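S.K.: One structure, pasted below without further comment.
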Amino acid sequence: MSLSKSVSIAELNARSRDIFRTIVDAFLEQGEPVGSRTISRRLETQLSPATIRNVMADLQELGLLHAPHNSAGRLPTDAGLRLFVDGLMQVGDISEQERSEIEGHIGGSGLTMNQALEQASTALAGLSSHVGLVLAPKTNSAVTHLEFVPLGDGRALVVMVDATGQVENRVIDLPMGLPASALTEASNYLRARLAGKTLDHARKDIIQELADHRAQLDELTSSVIEGGLAVWSGGEKGSLIVKGQARLLDDVAAVQDLDRIRGLFDALERKETMLRLMDAADDGDGVQIFIGAENALFNHSGWSMVLAPYGGPNAKVLGAIGVVGPTRLNYARIIPMVDYTARVIGRMLNGKSEQGS
């Protein structure tokens, strides 16, 4: 069998391209195996069922299609979808209504940057009917407030507010037997040492002071403080905002495979895994499409991601925004949607007005 990675559009004749495009179009619309009868009805030229089946067999031999068990129809493989997206798909344009909705979410007056990014993720989730996600840039502003809020069940919420008004919340596990007063003591200790400083600037001194026992804190309180600082260590890539997970349950085809959905939810909750994937935004120029098994996160799980970086002053990449959904995403519609949202965010960060492109 030929390796699908080596197949290019130029290697397919006109008939094979037409049939292949028809199969992928039907799959993206319906999410089901496509048979020769469906292809025959959709093709502009008349071909015999035998001819169509022969071409389908050739495309399968090339690794572009596969036949699910107990079905006479064919589905595109991840490699087939990649070939379609890169060589056959005609990308649409974002509608004026979609532009207005995106700008309306992001351009609200009085929003902090983090709130605007939350709105961007919500807008993409709503418009795409899939999962919207945004990698928010790491803040490097001075800390103005830090507090530990008890949640019960041995956990606490660490709330941090910076000088720009951006709020970050992280959950930490608490040591067994921790008295309620220890959270108040830990909050007071950190506020005193972070006042007017960035977290990066103060963290090393705080850790050293705790190690030297100069803070006169008991062991449990010290462990809470260390845990509060630790949730931001390794946060150099910022924080991940995810919206719209429940929308996946509206997809009938996806609901038939709940294990796949649970796997994606688990991946989204392991935010450090997603942050590693977001690093790809730094490596590419413009929108990138990750299909199925092309990356470790979605390996064999039937999910795709459309991702675009956004930048601040001097065109520096600060974060990324994207949509995650089943491999039968409407790529032609979602690609310009993600691209436009990333550009609106970039203009916001650069202090420019949100005008249509």
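Residues are numbered in this note's numbering as their position in the sequence shown, beginning at 1, plus a constant of 247.
Beta carbons: idealized from backbone N, C-alpha and C, even for Gly.
For clarity, every value in this text was computed on a predicted model and none was experimentally measured.
(1) What residue range is occupied by the uninterrupted alpha helix (DSSP H) comprising V332?
(2) N361 and A383: beta carbons closer than 8 angstroms?
(3) What are the start and end residues of each continuous alpha helix (DSSP H) run of 4 or more residues lying completely inside the stretch 417 to 505, in chain order?
(4) Can you confirm whether the stretch 448 to 460 touches the stretch 340 to 354 when touching is taken to mean that 3 or more C-beta pairs between the two stretches lie within less than 8 angstroms?
(5) Residues bridged to P397 by DSSP?
(6) Tell me the DSSP secondary structure of G572 in three-state form.
(7) Please name the residue, chosen from V591, I508, V414 and D452, that lies closest to V486 on a Cα-to-Cα basis.
(8) Between the alpha carbons of S551 and P573, how many angstroms are there, rounded?
(9) For V489, I'd like the list of residues in its chain whose CB is within less than 6 angstroms of its CB, leaving aside the five on either flank, ordered along the chain.
(10) Based on Cα-Cα distance, which residue from G373, Y557, A540 and P315 lies nearest to I349?
(11) At 4 residues or longer, and completely inside the stretch 265 to 339: list those alpha helix (DSSP H) runs for me, N to C.
(12) Where does T588 sit, in a helix, a strand or coil, going by DSSP?
(13) Kindly identify the DSSP beta-bridge partner or partners of H392.
(14) From the DSSP secondary-structure annotation, give me the bridge partner or partners of E343.
(15) For D340, count the other beta carbons within 10 Å of its own beta carbon; 16 or more makes it buried, fewer makes it exposed. Which is it?
(16) Output needed for P397: all residues of its chain with C-beta closer than 7 angstroms, excluding positions within five of it in sequence on either side, in chain order.
(17) Looking only at its own chain, which residues have a Cβ that is under 7 angstroms from the Cβ of R450, when we skip the five neighbours before and after it?
(18) Is it true that the CB of I568 sits closer than 8 angstroms to the CB of A367?
(19) Specify the secondary structure class of G357 as computed by DSSP and reduced to three states.
(20) Considering only DSSP beta bridges, list what S551 is partnered with.
(21) Return the CA-CA distance between N610 and T324, expressed in angstroms with no decimal places.
(22) Work out the CA separation of H377 and A304 for me, nearest whole Å.
(23) Return the residue from the list N577, A297, S255 and I286 that minimises the CA-CA distance to I270.
M.R.: In terms of the structure at hand:
(1) Locating residue 332 in the sequence shown gives position 85, where the first residue counts as 1. Here the alpha helix (DSSP H) through V332 covers D325 to G334.
(2) Here residue 361 refers to the residue found at position 114 when the sequence shown is read from its first residue. Here residue 383 refers to the residue found at position 136 when the sequence shown is read from its first residue. Contact flag set, yes.
(3) 427 to 441, 446 to 458, 466 to 477 and 499 to 502
(4) no
(5) Stepping through the sequence shown from its first residue, residue 397 is reached at position 150. In the DSSP output, where bridge partners are listed per residue, P397 has A403.
(6) The residue you call residue 572 lines up with position 325 of the sequence shown. Three-state result, G572: strand.
(7) As a first step, residue 486 is located in the sequence shown; it is residue number 239 there, counting from the start. The identity of residue 486 in the sequence shown is Ser, whereas the question assumes Val. Checked all of V591, I508, V414 and D452; the closest Cα to S486 is V414.
(8) As a working mapping, residue 551 is identified with position 304 in the sequence shown. As a working mapping, residue 573 is identified with position 326 in the sequence shown. Rounded to whole angstroms, S551 to P573 spans 6 angstroms at the Cα level.
(9) Against the sequence shown, residue 489 aligns to sequence position 242. Answer for V489: L380 and L515, listed in chain order.
(10) Sequence index remark: in the sequence shown, residue 349 carries index 102 (1-based). In terms of Cα proximity to I349, the closest of G373, Y557, A540 and P315 is G373.
(11) 283 to 289, 296 to 308 and 325 to 334
(12) Here residue 588 corresponds to residue number 341 of the sequence shown, with the count starting at 1. Here T588 sits in helix by DSSP.
(13) Here residue 392 refers to the residue found at position 145 of the sequence shown. According to DSSP, which records beta bridges pairwise, H392 is partnered with V408.
(14) Taking the first residue of the sequence shown as position 1, residue 343 is located at position 96. DSSP output for E343 lists no bridge partner at all.
(15) If you number the sequence shown from 1, residue 340 lands on position 93. Exposed, because fewer than 16 other Cβ atoms sit within 10 Å of the Cβ of D340.
(16) Mapped onto the sequence shown, residue 397 falls at position 150. Same-chain partners within the cutoff: A403, A427 and L430.
(17) Start at 1 with the first residue of the sequence shown, and residue 450 comes out as number 203. Cβ within range, chain order: L476.
(18) Numbered from 1 along the sequence shown, position 120 holds the residue referred to as residue 367. Numbered from 1 along the sequence shown, position 321 holds the residue referred to as residue 568. Yes. Within cutoff.
(19) The count along the sequence shown starts at 1 and reaches residue 357 at position 110. Coil at G357, not helix or strand.
(20) As a working note, residue 551 is residue 304 in the sequence shown. Paired residues: I538 and G572.
(21) Because the chain is modelled from 248 through 604, residue 610 falls outside the range shown and cannot be assessed.
(22) If you number the sequence shown from 1, residue 304 lands on position 57. If you number the sequence shown from 1, residue 377 lands on position 130. C-alpha separation (whole angstroms): 33 angstroms.
(23) Here residue 270 corresponds to residue number 23 of the sequence shown, with the count starting at 1. Taking only the C-alpha atoms, the option nearest I270 is I286.
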